[in-house]
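Each residue of the sequence shown is one higher than the one before, starting from 1 at the first, in UniProt numbering.
Ideal Cβ placement from N, Cα and C applies to all residues, glycine included.
Keep in mind it's a predicted model, so treat the numbers as computed, not measured.
Step one of this worksheet: look at the structure below.
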Amino acid sequence: MTAQEQHDTIENSPVGWVGKHVRRYVETDGADGGTYHGYPALLLTTRGRRSGTLRRTALIYGRDGDDHLVVASNGGAANHPAWYLNLSADPTVEIQVGAERFTCRARTASAEERARLWPVMTKVFPTYARYQKDTDREIPVVVIERVSREDATID
1 MTAQEQHDTI
11 ENSPVGWVGK
21 HVRRYVETDG
31 ADGGTYHGYP
41 ALLLTTRGRR
51 SGTLRRTALI
61 YGRDGDDHLV
71 VASNGGAANH
81 PAWYLNLSAD
91 PTVEIQVGAE
101 RFTCRARTAS
111 AEERARLWPV
121 MTKVFPTYAR
131 YQKDTDREIP
141 VVVIERVSRE
151 DATID
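Structure representation (structure tokens):
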């Protein structure tokens, strides 16, 4: 394996149940794993901000028009999840929704957008409201926008 191939190998989430969900999603091309306990799920691939390694996790998502939305809740923990820190450093990401894969740009919703989008996401997954109560940090809503084909590489 070349250094570039090794660098571009995707590592799945090290969290046991998340990694298992990701593997099932990938192995079935989204046929199994597109929902998690009834909630819509996508796969998000980011580039590690320190390692440069591609990292993949499964997240519950919502929609706002053509955009996908995810929440950096980290279960209400005091710190942001690693995937959020990674996309904050490099906003070029890949998502997989079912069998479809898209190269996208991710950004944190502005305060005005968050005010509108937070209720969208708590409707999708009501537990986000409890997570927000469990932490002092404002939990970010992330807007994932598809990019044009010319810009469609995660590198």
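Pair within 9 angstroms by beta-carbon distance, residue i and residue j
| i | j | result |
| --- | --- | --- |
| Q96 | T35 | no |
| G75 | P40 | no |
| L43 | M121 | no |
| R146 | D66 | yes |
| G30 | E100 | yes |
| R47 | N86 | yes |
C-alpha gap between residue i and residue j, whole angstroms
| i | j | result |
| --- | --- | --- |
| T108 | T28 | 30 angstroms |
| residue 156 | T9 | Coverage of the chain is limited to positions 1 through 155, which leaves residue 156 absent and any answer about it impossible. |
| P91 | R49 | 11 angstroms |
| G19 | P140 | 23 angstroms |
| S73 | D136 | 12 angstroms |
| T53 | Y128 | 29 angstroms |
| T2 | V15 | Bear in mind that the predicted position of T2 carries a pLDDT of just 41, short of 50, making it too unreliable to give a figure here. |
| N79 | V71 | 13 angstroms |
Residue i versus the options, residue with shortest Cα-Cα distance
| i | options | result |
| --- | --- | --- |
| E112 | V26, T53 and V143 | V143 |
| E11 | D134, C104 and A58 | A58 |
| S13 | G98, D90, E138 and P81 | P81 |
| Y84 | R56, T127, G98 and D67 | R56 |
| D32 | D136, K123 and R24 | R24 |
| S88 | R101, E100 and R105 | R105 |
| Y77 | Q132, H21 and V15 | Per the sequence presented here, residue 77 reads as Ala, with Tyr not at that position. It is Q132. |
| D26 | K123, G98 and T127 | A small fix is needed here, since residue 26 is Val in this sequence, not Asp. Ranking the options by Cα distance to V26, first place goes to G98. |
| H21 | R47, S51 and I60 | I60 |
| H37 | S51, W17 and R47 | W17 |
Neighbour flag for residue i against chain D, beta carbons, 9 angstroms
| i | result |
| --- | --- |
| G30 | Among the chains of the structure shown, chain D does not appear; only one protein chain is present. |
task = Identify every run of the alpha helix (DSSP H) within the segment 11 to 77, keeping only runs that are complete inside it and at least 4 residues long; order them along the chain.
result = 16 to 27
request  = Just list the beta strand (DSSP E) runs in the segment 95 to 142, keeping only unbroken ones of 3 residues or longer that don't cross its boundaries, in chain order.
outcome  = 100 to 108
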